[in-house]
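Numbering (full-length UniProt numbering), first residue to last: 1 to 422.
Here you go:
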């Protein structure tokens, strides 16, 4: 017989307001014995993934996406709804957008920041909510380099300059890079960083990681892709330096490796640490010899696991206006991630322990699961599809005929499984 205590609506622990305790969290697959359709094993998309001390309930991760909706780098109630809603509906991990480690490293004046302690509280509030739902929140640490001090894309689309001038909160005279060439003619002209400034930014990455830890995040990612500062140093197409940070491969990866070591040394041992790289610049290497490509990505990937990076998040492009992205080829970025995974696995050793994720063009559950089942990657980051449908995980489960936990308050919407009385 059920006692009254069994009928208590238990509160989520550690939250300053009432919300029901979600255990297991939404997006977790029911045990095989409880699946309505017989299965010998769960689809890979719904297998949990353990990284250090974190256990993610599924492998459909929400990628960081700029929202251009902050004031002074602080997240707002908009981000609570945006990020919280995706977490609530079962994403295995939700990552906060590129958060600059320096004020001049923001892409736009309205970008997220983590360069000062005053920004901890707004992030912490979102962490608290996401944790109350049993889910994981990460944050991407970034510096835009020569792509800083620009306007939101819907403003740039009006046909005016991409540059955010001082009168609208920009800093076009304080944009920095590994080059003095702007991204394009309507972007700010950067100046080249001094070695002392590079060292300061390395420390800023570490300081930002400490703030993220204080806010309570479950993991951090270092952004070295999409033509932002660290990517600018990686590629000969944008690295014009002749000192210890320019020229040969070993010098061009130095900034990234120093930032990795700084961050890893300042976050808990049990905290997962991700790195995002562009797998290639998609440039004509005859015209731009030494431009970043998949071979150099693999070479760098072999160095990562011993330095404490747990997962390499492979994207592509963003570093040069002349890039030729093969958008007509389905899964063009997934294949890059798969190449990295294949080489590391075949070579074995410590490097093979590095987890690999894909991102870009992943739009449904069957596609995401196939990528995982083929062994190309260990997790998938999904971006725009979560914007179109924050219930992507639930829809993917239905497509793959897997019964997953729904949020308790939304159970009546479950696809043909739970029918609570009205």
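A virtual CB, placed ideally from N, CA and C, is assigned to each residue, including glycine.
- prompt: Which one or two residues does DSSP pair with residue 312 in a beta bridge?
  reply: For the purposes of this step, residue 312 is identified with residue 312 of the chain shown, where counting begins at 1. BP columns for residue 312 point to 275 and 356.
- prompt: Which class does residue 15 belong to by DSSP, given the choice of helix, strand or coil?
  reply: Reading the chain shown from its first residue, position 15 is the one you call residue 15. Of the three classes helix, strand and coil, the one that applies to residue 15 here is coil, per DSSP.
query: Enumerated in chain order, which unbroken segments of the beta strand (DSSP E) with a length of 3 residues or greater are wholly contained in the segment 115-146?
result: 137-142
query: Given 8 angstroms as the limit, is there contact between the segment 200-218 and the segment 100-119, that is, 3 or more CB pairs closer than that?
result: yes
query: Starting from residue 95 and walking both ways along the beta strand (DSSP E), at which residues does that stretch end?
result: The sequence position of residue 95 within the chain shown is 95, counting from 1. Where residue 95 is concerned, the enclosing beta strand (DSSP E) stretches over 93-100.
task: Please look up how many angstroms separate the CB atoms of residue 312 and residue 260, rounded, as I've assumed it's under 8 angstroms.
output: Residue mapping note: residue 312 aligns to position 312 of the chain shown, counting from 1. Residue mapping note: residue 260 aligns to position 260 of the chain shown, counting from 1. Not a contact, Cβ separation roughly 11 angstroms.
task: Give me the Cα-Cα distance between residue 10 and residue 89, rounded to the nearest whole angstrom.
output: Translated into positions along the chain shown, residue 10 becomes position 10. Translated into positions along the chain shown, residue 89 becomes position 89. Straight-line Cα distance between these residues: approximately 19 angstroms.
task: Determine the DSSP secondary structure at residue 150, reduced to helix, strand or coil.
output: Here residue 150 corresponds to residue number 150 of the chain shown, with the count starting at 1. Three-state result, residue 150: strand.
message: Let me confirm a value: residue 403 is counted as buried when at least 16 other C-beta atoms fall within 10 Å, else exposed. Which label applies?
response: Within the chain shown, residue 403 is the residue found at index 403, counting from 1. By the 10 Å Cβ count, residue 403 comes out buried.
task: Give the straight-line distance between the Cα atoms of residue 339 and residue 19, rounded to the nearest whole angstrom.
output: Mapped onto the chain shown, residue 339 falls at position 339. Mapped onto the chain shown, residue 19 falls at position 19. Computed Cα separation, rounded: 44 angstroms.
task: State the DSSP-derived secondary structure class of residue 223, mapped to helix, strand or coil.
output: Your numbering for residue 223 matches position 223 in the chain shown. It is a strand residue.
message: Among the candidates 301, 233 and 392, whose CA atom is the shortest distance from the CA of residue 347?
response: By 1-based counting over the chain shown, the position of residue 347 is 347. Nearest of 301, 233 and 392 to residue 347, Cα basis: 301.
query: Could you check where the beta strand (DSSP E) with residue 49 kicks off and where it finishes?
result: Here residue 49 refers to the residue found at position 49 of the chain shown. Residues 49-51.
task: Using the DSSP secondary-structure output, state which residues sit across from residue 192 in a beta bridge.
output: The residue labelled residue 192 in the question sits at position 192 within the chain shown. Paired residue(s): 177.
message: Are the CB atoms of residue 172 and residue 165 within a distance shorter than 8 angstroms?
response: Here residue 165 corresponds to residue number 165 of the chain shown, with the count starting at 1. Here residue 172 corresponds to residue number 172 of the chain shown, with the count starting at 1. Taking 8 angstroms as the Cβ cut-off, residue 165 and residue 172 qualify as a contacting pair.
field: For residue 137 and residue 125, the rounded distance between their alpha carbons
entry: As a position in the chain shown, residue 125 is number 125, starting the count at 1. As a position in the chain shown, residue 137 is number 137, starting the count at 1. Answer to the nearest angstrom: the Cα atoms are 11 angstroms apart.
query: For residue 317, which residues from the same chain have a beta carbon less than 8 angstroms from its beta carbon, with the 5 sequence-adjacent residues on both sides left out?
result: In the chain shown, residue 317 corresponds to position 317, counting from 1. Correct list, in chain order: 226, 227, 278, 280, 281, 282, 323 and 325.
Whole-angstrom distance between residue 399 and residue 34, CA atom to CA atom: Locating residue 34 in the chain shown gives position 34, where the first residue counts as 1. Locating residue 399 in the chain shown gives position 399, where the first residue counts as 1. Between residue 34 and residue 399, the C-alpha separation is close to 17 angstroms.
field: Chain-order list of residues whose beta-carbon lies under 6 angstroms from that of residue 293 (same chain, five-residue window excluded)
entry: As a first step, residue 293 is located in the chain shown; it is residue number 293 there, counting from the start. If we look at residue 293 and ignore the five residues flanking it on each side, its Cβ neighbours are 280.
field: Proximity of residue 451 and residue 70 at Cβ, strictly below 8 angstroms
entry: Because the chain here runs from 1 to 422, residue 451 falls outside it and cannot be looked at.
field: residue 334 (DSSP reduced to helix, strand or coil)
entry: The residue given as residue 334 occupies position 334 in the chain shown. In this structure, residue 334 counts as helix in the three-state DSSP scheme.
message: I need the DSSP call for residue 380, collapsed to helix, strand or coil.
response: What you label residue 380 is simply residue 380 of the chain shown in a count that begins at 1. In the structure shown, residue 380 sits in a strand (DSSP, three-state: E or B).
query: Which residues bound the alpha helix (DSSP H) around residue 393?
result: As a first step, residue 393 is located in the chain shown; it is residue number 393 there, counting from the start. Looking at the DSSP string, the run of the alpha helix (DSSP H) that includes residue 393 is 392-399.
query: Under three-state DSSP, which class holds residue 280?
result: Within the chain shown, the letter at position 280 stands for residue 280. Note: residue 280 maps to coil in three-state DSSP.
Three-way DSSP call (helix, strand, coil) for residue 103 in this model: Your numbering for residue 103 matches position 103 in the chain shown. DSSP places residue 103 in helix when its eight states are reduced to three.
query: Roughly how many angstroms separate the alpha carbons of residue 48 and residue 327, rounded to a whole number?
result: The count along the chain shown starts at 1 and reaches residue 48 at position 48. The count along the chain shown starts at 1 and reaches residue 327 at position 327. Taking the straight line joining both Cα atoms gives about 31 angstroms.
task: Under 8 angstroms by Cβ, that's how I've got residue 232 and residue 319 pegged, so tell me the actual separation to the nearest angstrom.
output: Indexing the chain shown from 1 puts residue 232 at position 232. Indexing the chain shown from 1 puts residue 319 at position 319. Yes, they are in contact, since the Cβ atoms of residue 232 and residue 319 sit about 7 angstroms apart, within 8 angstroms.
message: For a test of the three-state rule: what should DSSP assign to residue 20, helix, strand or coil?
response: Counting from one through the chain shown, the residue named residue 20 turns up at place 20. Residue 20 falls in the strand class under three-state DSSP.
- prompt: Apart from the five residues on each side of it in sequence, which residues of its chain come closer than 7 angstroms, Cβ to Cβ, to residue 310?
  reply: Taking the first residue of the chain shown as 1, we reach residue 310 at position 310. Same-chain partners within the cutoff: 51, 52, 272, 273, 274 and 355.
message: Helix, strand or coil for residue 163? Go by DSSP, reduced to three states.
response: The residue given as residue 163 occupies position 163 in the chain shown. Correct three-state label for residue 163: strand.
field: residue 374 versus 15, 39 and 358, residue with shortest Cα-Cα distance
entry: Residue 374 sits at position 374 when you count from the first residue of the chain shown. Residue 374 has its Cα closest to that of 358, out of 15, 39 and 358.
message: Using 8 angstroms as the threshold, is the C-beta distance between residue 113 and residue 56 below it?
response: By 1-based counting over the chain shown, the position of residue 113 is 113. By 1-based counting over the chain shown, the position of residue 56 is 56. No, these two residues do not count as a Cβ contact at 8 angstroms.
query: Alpha carbon to alpha carbon, what distance is there between residue 397 and residue 334?
result: The sequence position of residue 334 within the chain shown is 334, counting from 1. The sequence position of residue 397 within the chain shown is 397, counting from 1. Using only the alpha carbons, I get a separation of about 21 angstroms.
- prompt: With distances taken from CA atoms, which of 342, 66, 242 and 244 is nearest residue 384?
  reply: Residue numbering aside, residue 384 sits at position 384 when the chain shown is read from its first letter. Cα-wise, what sits closest to residue 384 is 66.
- request: Can you say whether residue 362 is buried or exposed, counting buried as having 16 or more other CB atoms within 10 angstroms of its CB?
  value: Along the chain shown, read from residue 1 onward, the residue named residue 362 stands at position 362. With 16 or more other Cβ atoms within 10 Å, it is buried.
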